[in-house]
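Student:
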Amino acid sequence: MSITVEPVVSRRLQKQFTQLAWDLYRGDPCWVPPLRQNQRELLNFDPDPFYVKNEIQCFLALKDGKPVGRVAAIINNGHIERYKERRGFFGFFESINDQEVANALFDAARAWLKEHDILLVRGPTNPSLNHECGLLIEGFDSMPTFMMSYNAPYYADLIEGYGFRKVEDLYAFWGDLAMLESLDPKLKFIVDEAKRRFQPVLRPINKSRFAEEVRMFLDIYNKSLVATWGFVPLSDAEVDHMAKGLKQLVVPELTTICEIEGKPVGAVFGLLDYNPRIKKIDGRLFPFGFLRLLWNRKKIHRVRLMSTNILPEFQRWGIGLVLLERLIPDSLKFGIQEAEFSWVLESNHLSRATLERGGAKKVKSFRIYDYAPTEPAAAEKG
């Protein structure tokens, strides 16, 4: 059987590229299809602001003419500029359990990146660390939460079999909200001391000024993560695009803004876990999927707390715990029973320790891999 890899340059190949995931995961109770229009944008099949300054090339592997694997090679110029290294990325990887197929795909992605003078490769990112990222390596027994990745268990063998090696793990923590109401006494002391010291004003997001509020949150997001491993700030165009996409999905009760002396310094942002509904509508928002997604949202009892961000000068003072404390009563009143805190970097020891002391349990692990060729030239490039 012959394996060929084709660059995705036509509508027909685009359709085969996206359809492959449905074919590979058919019958898997834990797989959740992507929102189809969102997926087309993230792949640059339709315009997306991420690609104003960045590039992507998708590849489709065929065995005897049948699609059996896919991958995207990504140039994130923001990363190159920020970290002063010519590193490319791979993402959107799917494959049958066949090392030859995986090898052919990664060879094609690396060859395209090499044409752009890039030898170092990191992934998976779909297409960046500000989107779905990481390969699931633990926690295959349950459905992912909203905007978290999922893949077949054998993918790690294929990626490592090619020569990729772990560079960082990401974790998802689970917590029962009722359990989190009663904080560890030491954590409660930190919350009370932060309130006394800073006199914070806490409030949910104001939907009447939604675009402005989301831009403010994402500005805090960009500024708070400057020292975070691998972080590249969102552009203004990406911020506006995300704000537009999130407008109908956000529930104010699941957000908190913290202001100190009239200045926004922190925000926590939770999103309902829409994934069970996305699975039911098979990723189609139109013509009626969007209505089914948003109908009677109080029947959704799980939230993904996807980001707790504090300006650097207020970090390590307990402001994050203050934000969460305000959030819990409103969330319980809304009907939320459980929360996933995701993702948390393996290297973020403070956040991991705080969640564990609060009673949260690590339930899923995701891995980011690096590839570097063994030739001396690679070290000179990166």
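Start counting at 1 in the sequence shown, then tack on 33, and there's your number in this note's numbering. Cβ coordinates follow ideal geometry from the N, Cα and C atoms, glycine included.
For valine 336, which option in Met249, Phe126, Pro285 has the closest C-alpha, if you only look at C-alpha atoms?
Tutor: Of Met249, Phe126, Pro285, the residue nearest in Cα terms is Pro285.
Student: Let me know if glycine 316 comes out buried or exposed under the rule of 16 or more other beta-carbons within 10 Å of its beta-carbon.
Tutor: Counting Cβ neighbours within 10 Å, glycine 316 comes out buried, since at least 16 surround it.
Student: Cα separation between glutamate 226 and aspartate 81?
Tutor: Roughly 44 Å separates the two Cα atoms.
Student: Go ahead and pull the three-state DSSP assignment for asparagine 308.
Tutor: Reduced to three states, the DSSP call for asparagine 308 is helix.
Student: Which residues mark the beginning and the end of the beta strand (DSSP E) in which tryptophan 376 is found?
Tutor: Looking at the DSSP string, the run of the beta strand (DSSP E) that includes tryptophan 376 is 371-378.
Student: Where in the segment 256-304 do unbroken runs of the beta strand (DSSP E), each at least 3 residues long, occur, reported from the N-terminal end onward?
Tutor: Counting whole runs of 3 or more residues, the segment 256-304 contains the beta strand (DSSP E) stretches 288-293.
Student: Leaving out five residues on either side along the sequence, give the residues of the same chain with a beta carbon under 6 Å from the beta carbon of asparagine 77.
Tutor: Contacts found: Tyr84, Ile89.
Student: Starting from glycine 368 and walking both ways along the alpha helix (DSSP H), at which residues does that stretch end?
Tutor: That residue, glycine 368, is in no alpha helix (DSSP H); it is neither H nor E in DSSP.
Student: What is the C-beta distance between phenylalanine 206 and valine 377, in whole angstroms, given that I count them as a contact (C-beta under 8 Å)?
Tutor: Indeed they touch by this definition, with Cβ atoms about 6 Å apart.
Student: Going by C-alpha distance, which of Ser175, Phe250, Val272, Leu318 is nearest lysine 397?
Tutor: Answer by Cα proximity: Ser175.
Student: Give me whichever residues DSSP pairs with leucine 169 in a beta bridge.
Tutor: Phe399.
Student: When the Cα atoms are used, what is the spatial distance from alanine 211 to aspartate 217?
Tutor: Computed Cα separation, rounded: 13 Å.
Student: Under the rule that 16 or more other beta-carbon atoms within 10 Å means buried, what is valine 101, buried or exposed?
Tutor: When all chains shown are included, valine 101 counts as buried.
Student: Of the choices Asp202, Tyr188, Leu203, whose alpha-carbon is the least far from that of glycine 196?
Tutor: Ranking the options by Cα distance to glycine 196, first place goes to Tyr188.
Student: From what residue to what residue does the beta strand (DSSP E) around glycine 322 run?
Tutor: Run containing glycine 322: none in the beta strand (DSSP E); it sits in the alpha helix (DSSP H), 322-327.
Student: Measuring only the C-alpha atoms, how far is aspartate 97 from glutamate 389?
Tutor: Those two C-alpha atoms are separated by around 50 Å.
Student: Can you give me the start and stop residues for the alpha helix (DSSP H) that glutamate 118 sits inside?
Tutor: Note, glutamate 118: premise wrong, no alpha helix (DSSP H); not H, not E.
Student: Comparing C-alpha positions only, which one of Ala386, Pro406, Gln70, Arg143 sits nearest to lysine 48?
Tutor: The shortest Cα separation from lysine 48 among Ala386, Pro406, Gln70, Arg143 belongs to Gln70.
Student: Using CA coordinates, which residue listed in Phe374, Lys228, Tyr58, Ile343 is at the minimum distance from leucine 305?
Tutor: It is Phe374 whose Cα lies nearest to the Cα of leucine 305.
Student: Would you mind reading off the limits of the alpha helix (DSSP H) that contains leucine 162?
Tutor: Unbroken run through leucine 162: none, as it is neither H nor E.
Student: Write down the C-beta distance between serine 257 and leucine 344 rounded to the nearest angstrom, noting that I regard them as a contact closer than 8 Å.
Tutor: Indeed they touch by this definition, with Cβ atoms about 6 Å apart.
Student: In chain order, what are the residue ranges of uninterrupted alpha helix (DSSP H) at least 4 long that sit wholly in the segment 77-118?
Tutor: Fully enclosed alpha helix (DSSP H) runs of 4 or longer: 110-116.
Student: Closest to leucine 235 by CA distance: which of Ile253, Trp145, Asp273, Thr288 is it?
Tutor: Looking at the Cα atoms, Thr288 is the closest of the given residues.
Student: May I have the straight-line CA-CA distance separating valine 301 from alanine 94, to the nearest angstrom?
Tutor: So the two alpha carbons sit approximately 41 Å from each other.
Student: Just grab the DSSP bridge partners of asparagine 342 for me.
Tutor: BP columns for asparagine 342 point to Ala300.
Student: Which residues in the same chain have their Cβ closer than 6 Å to the Cβ of proline 66, if we skip the five residues on either side of it in sequence?
Tutor: Contacts found: Asp315, Gly316.
Student: Could you tell me which residues DSSP pairs with threonine 37 in its beta bridges?
Tutor: In DSSP, threonine 37 forms a bridge with Leu95.
Student: Give the single residue among Thr51, Gly353, Pro266, Phe126 whose Cα lies nearest to the Cα of valine 298.
Tutor: Cα-wise, what sits closest to valine 298 is Gly353.
Student: Who are the Cβ neighbours of alanine 276 in its own chain at under 8 Å, not counting the five residues just before and after it?
Tutor: Counting only Cβ-Cβ distances below 8 Å, and skipping sequence neighbours, we find Phe243, Ala244, Val247, Arg248, Leu251.
Student: DSSP state of aspartate 202, grouped into three classes?
Tutor: Strand.
Student: Would you tell me roughly how many angstroms separate the C-alpha atoms of valine 259 and phenylalanine 139, rounded to the nearest one?
Tutor: Each residue's alpha carbon lies about 30 Å from the other.
Student: Put lysine 128 into one of helix, strand or coil per three-state DSSP.
Tutor: The question names lysine, yet the displayed sequence has serine at residue 128. Looking at serine 128 - three-state DSSP - the assignment turns out to be strand.
Student: If we ignore side chains and look at the alpha-carbon of each, how far apart do glycine 263 and phenylalanine 123 end up?
Tutor: In a straight line, the C-alpha of glycine 263 is about 14 Å away from that of phenylalanine 123.
Student: Just tell me which of Leu203, Thr387, Cys63 has its CA closest to the CA of serine 380.
Tutor: Nearest of Leu203, Thr387, Cys63 to serine 380, Cα basis: Leu203.
Student: Between the Cα of alanine 372 and those of Asp61, Val42, Gly303, spot the shortest distance and give me the residue it belongs to.
Tutor: If we check each option's Cα against that of alanine 372, Gly303 comes out closest.
Student: Given this structure, state the Cα-to-Cα distance separating arginine 44 from threonine 51, to the nearest angstrom.
Tutor: Distance between the alpha carbons of arginine 44 and threonine 51: 11 Å.
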